[in-house]
Amino acid sequence: MHGIIITNQEIRHNEYKIQRFKEEFDKLNVSLDVLKNDGTLAEISNGNVLLNIPKCDFVIYLDKDIYLARILEKANIRLFNRADFIKMCDDKMLTFIKCADMGIRMPDTFAGPLVYTSIEKPHLEFLDAVINKLGFPMVIKKVYGSLGEGVFRADNKQELYDLYQSICHNPILFQRYVSSSKGSSIRVIVIDGKVFGAFRRKNGADFRSNFGESAGSEKIENIEKYARFAGVIAEKLDIEYAGIDLLDDENGEIVLCEINSNAFFEEFEKTTSLNVAKAFAEMVVRKVYEQK
Ligand SMILES: Nc1ncnc2c1ncn2[C@@H]1O[C@H](COP(=O)(O)OP(=O)(O)O)[C@@H](O)[C@H]1O
Ligand SMILES: [Mg+2]
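Heads up, this note's numbering is the position in the sequence shown plus 1, with the first residue counted as 1.
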């Protein structure tokens, strides 16, 4: 069996993952090529898909470029994760809309109206309704973002206005600030529809648990309640692989923060001593054999 890992241009972020996948797939006699998505791996020509990649049984897709993912699926290539799931996770608002269907608890959230061009004025009147409902502090997030870089907190009206005006040309959302989880979140890894394990992220210097040099991690003694919460999501969405981020709210309840389809797992493996790459490889090989 042969697989291909496709990464985004920033291959160094995925170095640990690639090395661990190579180790664990090798033990199952599966070889892996690694290709960078430089835009030339596939093309649509005369209505057909022309592939410019070696023959393979599956692709591990470590990118969020949904177009290439969809083109590969059109050519009947089995992707881990599938394109639709990557798309839903990459867009934090789509994740919330999907999970609302399933009765998953989440912080109250508004989708910001799109501001299309740089000359269009931001919609400041909309903010009053948001303030009335969410109050301060409030979280404002870019819908597409990672590593905490597109997540901000506004403590008053002026900060909200300034933040909003600086990012309103991106798709954004407004969210209730979960003050009880300041600097802390739970990362649950799901593999093959089931919870595989969890650890806590901690940041003493920022409300974003995963932002910057001060972000750290620790073991969770009892993961049961987090596993139950994430397990429902894993099962309902039939998740093959994801990192589900959870927050503890002020009422002692758990709320969903986001779902990451391309979750890194170096921190997870080092904190929990659980072997993510092995479980992932076993799932991929089983699923590929099943479909043959
Ligand atoms: N509504 C919220 N209330 C409190 N903290 C939040 C909230 N949303 C996000 N955070 C904090 O910010 C971090 C990053 O947010 P997240 O939505 O996971 O985006 P990213 O994709 O950048 O990781 C979370 O891990 C959490 O610590
Ligand atoms: Mg996150």
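Each residue gets a CB set at the ideal place from its N, CA and C atoms; glycine is no exception.
Computed from a predicted structure; not experimentally measured.
For Gly184, there is no enclosing alpha helix (DSSP H), as DSSP marks it with neither H nor E. The alpha-carbon separation between Ile61 and Glu74 amounts to approximately 12 Å.
Between Ile141 and Gly113, the gap from beta carbon to beta carbon is short of 9 Å. Shortest gap from the CB of Ser186 to any heavy atom of ligand 2: under 8 Å. In this structure, Ala264 lies away from Ala231, with their beta-carbon atoms at least 9 Å apart. The C-beta of Ala235 has 16 or more other C-beta atoms within 10 Å across all chains shown, which makes the residue buried. The shortest CA-to-CA distance from Ser274 to any of Gly217, Asn171, Ala199, Tyr227 is the one to Ala199. Following the DSSP letters along the chain, one finds Tyr242 inside the beta strand (DSSP E) bounded by residues 242-249. The alpha-carbon separation between Gly149 and Asn211 amounts to approximately 6 Å. Pairwise C-beta distances place the segment 77-84 out of contact with the segment 101-108, as fewer than three of them are shorter than 8 Å. Between the segment 37-56 and the segment 245-252, the count of C-beta pairs closer than 8 Å stays below three; the two stretches do not touch.
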